[in-house]
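A.B. asks: Residue numbers for the sequence shown follow this note's numbering, beginning at 19 and rising by one.
Cβ coordinates follow ideal geometry from the N, Cα and C atoms, glycine included.
A single structure is presented below for examination.
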Amino acid sequence: MVIDTGQNFTAEVAVIGGGPAGLVSAIALAAAGVETLLIAPAAEPDHRTTALLASSVTALQTLGVWQACASHAAPLRKIRIIDDTQRLIRAPETDFAATEIGLDTFGHNIENRHLVAALEARATELGLKRVSGAALALESDAAGVTIRLAEGTARARLVIGADGQRSLCRAAAGIASARRSYPQTALTLNVSHARQHDDTSTEFHTASGPFTLVPLPGRRSSLVWVLDPKHAAATFAQSDAALATEVERRAHSLLGAMSVEPGRGIFPLAIETAEASARGRIALVGEAAHVAPPIGAQGLNLGLRDCATIAELVADAWRQNRDVGAPDLTARYDRQRRADVASRTIAVDLLNRSLLTDFIPAQGARGLSLYLVDRIGPLRRALMREGVAPAASQPRLMRGEMI
Ligand SMILES: Cc1cc2nc3c(=O)[nH]c(=O)nc-3n(C[C@H](O)[C@H](O)[C@H](O)COP(=O)(O)OP(=O)(O)OC[C@H]3O[C@@H](n4cnc5c(N)ncnc54)[C@H](O)[C@@H]3O)c2cc1C
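The structure is reproduced here in structure tokens:
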């Protein structure tokens, strides 16, 4: 339910930001009966896709969102990694099948516009209150947080900051973050192609970064192509026909002739981790808390585990009539998220840097790691399991239980 500004609102929880992380947090809380206000401008068009790992799909099923996503999503049954660095030491081609770890799929790939539309529809169904505009400033005191809006204010015991990379909530909480830009830009586009993808995602590791084709329904795939910024800008400006030919060449014609769909995107890559996921009455989720390059589909999957964790802690506190924004609750949230966030961002950073480096021992280490993963069954399976679902305890939503 969209409500006008110009009023003063109160809620137990205010979620700031209407990207996937904000919508999932707000839906989880509203579904658990916690009075929640979403403060979010209308979504910008986003032609990217997200590979949602199986546990994220389970969480969306549990929240009643996946039903509207399923027909737009393609299953990911196999992942193929091909070393296309042309360097002296190259890794062997490595294939992973979901069935090796007893799963039907690793997850599903879906266009963000369909995911966000399904989330918004579910939010409306749940009667979630939404102020359609930005939060302008936040001020915390001992009992809650006051949020200044274009007109009027909102007041909540807890703020969930889902306001992305340049997070106002993070700044208002006084949480510093360490950011490092990579000399890389991701070009994103969707293609249709002559051959079947056989539910297989193919990741070519090149010297400028990964070139990854991820299945979409039918004979379509999404491409995330990581390039140096100059090359990315020039490639972005190419005609559809020239770009299709270039993509087919880079993909070694694996999927046959290609045509490029409308809606290209360009994203400078960086890694950023907030020094804490919460402070006082403000908790951060998604890219407000951590940004990682698009390798191994960790970004939003990690973000959704933030959302499920904070929602679980808040719902438990609310049922017990406790203060849902109490600093001990947010401190617990910060502790619970620390290992998962640190281990994923470090792993993605190392893998990305091993591609960029000209340092032969680092290339050798990557080649050897992939060789060992290829040959040693238990190691392969452990890695696949850890990639799909972290060994540390999963939040309830990821296990298919309502919070
Ligand atoms: C090329 C690329 C490919 C990717 N592929 C994958 C993948 O396959 N799998 C995966 O898991 N992850 C992937 N990711 C990562 C994923 O896209 C991000 O993790 C995800 O989009 C972050 O969602 P979010 O809701 O945290 O932030 P955002 O989507 O950035 O949303 C933040 C929202 O906050 C709003 N906002 C900002 N300021 C305010 C304010 N003051 N008041 C109110 N609202 C505000 C913005 O308008 C925006 O809507 C990829 C990333 C890139 C760049």
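E305: beta carbon under 7 Å from a heavy atom of ligand 1?
C.D. replies: For this step, residue 305 is matched to residue 287 along the sequence shown. True, at least one ligand heavy atom lies under 7 Å from that Cβ.
A.B. asks: Under 6 Å Cβ to Cβ from L78, same chain only, skipping five residues before and after it: list those, please.
C.D. replies: As a working mapping, residue 78 is identified with position 60 in the sequence shown. The residues are W84.
A.B. asks: Classify S271: buried if its beta carbon has 16 or more other beta carbons within 10 angstroms, exposed otherwise.
C.D. replies: For this step, residue 271 is matched to residue 253 along the sequence shown. When all chains shown are included, S271 counts as exposed.
A.B. asks: Using CA atoms only, rank isn't needed, just tell me which of L241, T363, T218 is closest to F462.
C.D. replies: For the chain, the structure presents residues 19 to 421; residue 462 sits outside this window and is missing.
A.B. asks: Pick from P280, L415, K147, V177: whose alpha carbon is nearest that of D159?
C.D. replies: Numbered from 1 along the sequence shown, position 141 holds the residue referred to as residue 159. Considering only alpha carbons, the answer is V177.
A.B. asks: With DSSP as the reference, identify every bridge partner of F124, one or two as the case may be.
C.D. replies: As a working note, residue 124 is residue 106 in the sequence shown. BP columns for F124 are empty, so no partner.
A.B. asks: Report the start-end ranges of each beta strand (DSSP E) in the region 28-111 that is 3 residues or longer and not cut off at the edges.
C.D. replies: You should have 54-57, 67-71, 92-94, 96-101.
A.B. asks: If I measure Cβ to Cβ from S185 and keep anything under 6 Å in the same chain, skipping five residues before and after, which residues do I get?
C.D. replies: In the sequence shown, residue 185 corresponds to position 167, counting from 1. Excluding sequence neighbours, S185 sits near G179, A306.
A.B. asks: So, helix, strand or coil for D159, using DSSP?
C.D. replies: Indexing the sequence shown from 1 puts residue 159 at position 141. The answer is coil: DSSP assigns D159 none of H, G, I, E or B.
A.B. asks: Does the Cβ of L71 have 16 or more other Cβ atoms within 10 Å, making it buried, or fewer, making it exposed?
C.D. replies: On the sequence shown, position 53 is the one that residue 71 refers to. Classification for L71: buried.
A.B. asks: Between V83 and ligand 1, is the CB less than 7 Å from at least one heavy atom?
C.D. replies: By 1-based counting over the sequence shown, the position of residue 83 is 65. Answer for V83: no, Cβ out of range of ligand 1.
A.B. asks: Use the C-beta contact count for N370: other C-beta atoms within 10 angstroms, 16 or more gives buried, fewer gives exposed.
C.D. replies: Within the sequence shown, the letter at position 352 stands for residue 370. Buried, by the Cβ-count rule.
A.B. asks: Could you tell me which of G151, S150, R166 sits nearest to E157, measuring between CA atoms?
C.D. replies: The count along the sequence shown starts at 1 and reaches residue 157 at position 139. It is R166.
A.B. asks: If you run the structure through DSSP and keep just helix, strand and coil, what is R271?
C.D. replies: Position 253 of the sequence shown holds residue 271. Checking the sequence shown, residue 271 turns out to be Ser, not Arg. In the structure shown, S271 sits in coil (DSSP, three-state: anything other than H, G, I, E or B).
A.B. asks: What does the alpha-carbon distance come out to for the pair P345 and A61?
C.D. replies: As a working mapping, residue 345 is identified with position 327 in the sequence shown. As a working mapping, residue 61 is identified with position 43 in the sequence shown. Those two C-alpha atoms are separated by around 31 Å.
A.B. asks: Could you work out which residue in A288, G125, A155, L137 is closest to M416 when comparing CA atoms only?
C.D. replies: If you number the sequence shown from 1, residue 416 lands on position 398. Among A288, G125, A155, L137, the Cα nearest to that of M416 belongs to G125.
A.B. asks: Name the two residues that bound the continuous beta strand (DSSP E) containing G283.
C.D. replies: Taking the first residue of the sequence shown as position 1, residue 283 is located at position 265. 283-292 is the extent of the beta strand (DSSP E) around G283.
A.B. asks: For A269, which option in A259, P286, W243, V52 has the closest C-alpha, if you only look at C-alpha atoms?
C.D. replies: Numbered from 1 along the sequence shown, position 251 holds the residue referred to as residue 269. Taking only the C-alpha atoms, the option nearest A269 is W243.
A.B. asks: In its own chain, which residues sit with a C-beta less than 7 Å from the C-beta of R188, not counting the 5 before and 5 after it?
C.D. replies: Residue 188 sits at position 170 when you count from the first residue of the sequence shown. The answer, listed in chain order, is G179, S195, A292, L302, A306.
A.B. asks: Under the assumption that P59 contacts S199 (Cβ atoms under 8 Å), give the Cβ distance between them as a whole number of angstroms.
C.D. replies: Against the sequence shown, residue 59 aligns to sequence position 41. Against the sequence shown, residue 199 aligns to sequence position 181. Incorrect: roughly 26 Å between the Cβ atoms, too far for contact.
A.B. asks: DSSP three-state label for S372, please.
C.D. replies: Reading the sequence shown from its first residue, position 354 is the one you call residue 372. In this structure, S372 counts as helix in the three-state DSSP scheme.
A.B. asks: For V366 and Q316, which I take to be in contact (beta-carbon distance under 8 Å), what is that distance rounded to the nearest angstrom?
C.D. replies: Here residue 366 refers to the residue found at position 348 when the sequence shown is read from its first residue. Here residue 316 refers to the residue found at position 298 when the sequence shown is read from its first residue. So it is a contact: roughly 6 Å between Cβ atoms.
A.B. asks: Pop quiz: A204 and F285 are said to be a contact at Cβ under 8 Å. What is the actual Cβ separation, rounded to whole angstroms?
C.D. replies: For the purposes of this step, residue 204 is taken as the residue at position 186 of the sequence shown. For the purposes of this step, residue 285 is taken as the residue at position 267 of the sequence shown. Sure, about 4 Å apart at Cβ, within 8 Å.
A.B. asks: Could you say which of H211, A32, Q214, G36 lies nearest to R131 if we only look at CA atoms?
C.D. replies: As a first step, residue 131 is located in the sequence shown; it is residue number 113 there, counting from the start. Ranking H211, A32, Q214, G36 by Cα distance to R131 puts G36 first.
A.B. asks: Grouping DSSP H, G and I as helix and E and B as strand, with all else coil, what is E221?
C.D. replies: The count along the sequence shown starts at 1 and reaches residue 221 at position 203. Here E221 sits in strand by DSSP.
A.B. asks: Pairing CB atoms from the region 230-238 with CB atoms from the region 252-263, are three or more of them under 8 Å?
C.D. replies: The region 230-238, when compared against the region 252-263, does not touch it at the 8 Å Cβ threshold.
A.B. asks: Just mark T67 as buried or exposed, buried being the case when its beta carbon has 16 or more other beta carbons within 10 Å.
C.D. replies: Locating residue 67 in the sequence shown gives position 49, counting from the first residue. Result: buried.
A.B. asks: Is H249 helix, strand or coil by DSSP?
C.D. replies: Here the question's residue 249 lines up with position 231 in the sequence shown. Helix at H249.
A.B. asks: Could you tell me if the beta carbon of R237 falls within a distance shorter than 7 Å of some heavy atom in ligand 1?
C.D. replies: One-based indexing of the sequence shown puts residue 237 at position 219. Checking every heavy atom of ligand 1 against the Cβ of R237, none is found closer than 7 Å.
A.B. asks: Is the CB of R173 under 8 Å away from at least one CB in chain B?
C.D. replies: Here chain B cannot be found, since the structure has a single protein chain.
A.B. asks: According to DSSP, is M420 part of a helix, a strand, or is it coil?
C.D. replies: In the sequence shown, the residue the question calls residue 420 occupies position 402. It is coil, neither helix nor strand.
A.B. asks: Name the DSSP beta bridge partners of R297, please?
C.D. replies: Translated into positions along the sequence shown, residue 297 becomes position 279. R297 pairs with I300.
A.B. asks: G283 and H90 - do their beta-carbons sit closer together than 8 Å?
C.D. replies: Numbered from its first residue, the sequence shown carries residue 90 at position 72. Numbered from its first residue, the sequence shown carries residue 283 at position 265. Not a contact, by the Cβ cut-off of 8 Å.
A.B. asks: With the cut-off set at 8 Å, would you say S226 and D258 are in Cβ contact?
C.D. replies: Translated into the one-based positions of the sequence shown, residue 226 becomes position 208. Translated into the one-based positions of the sequence shown, residue 258 becomes position 240. No, they are not a contact pair.
A.B. asks: Taking the alpha helix (DSSP H) that T142 belongs to, which residues open and close that run?
C.D. replies: Position 124 of the sequence shown, counted from the start, is the residue given in the question as residue 142. It spans 130-143 - the alpha helix (DSSP H) in which T142 sits, taken as one unbroken run.
A.B. asks: Is G281 near ligand 1, judged by its Cβ being under 7 Å from some heavy atom?
C.D. replies: As a position in the sequence shown, residue 281 is number 263, starting the count at 1. G281 Cβ: outside cutoff for every heavy atom of ligand 1.
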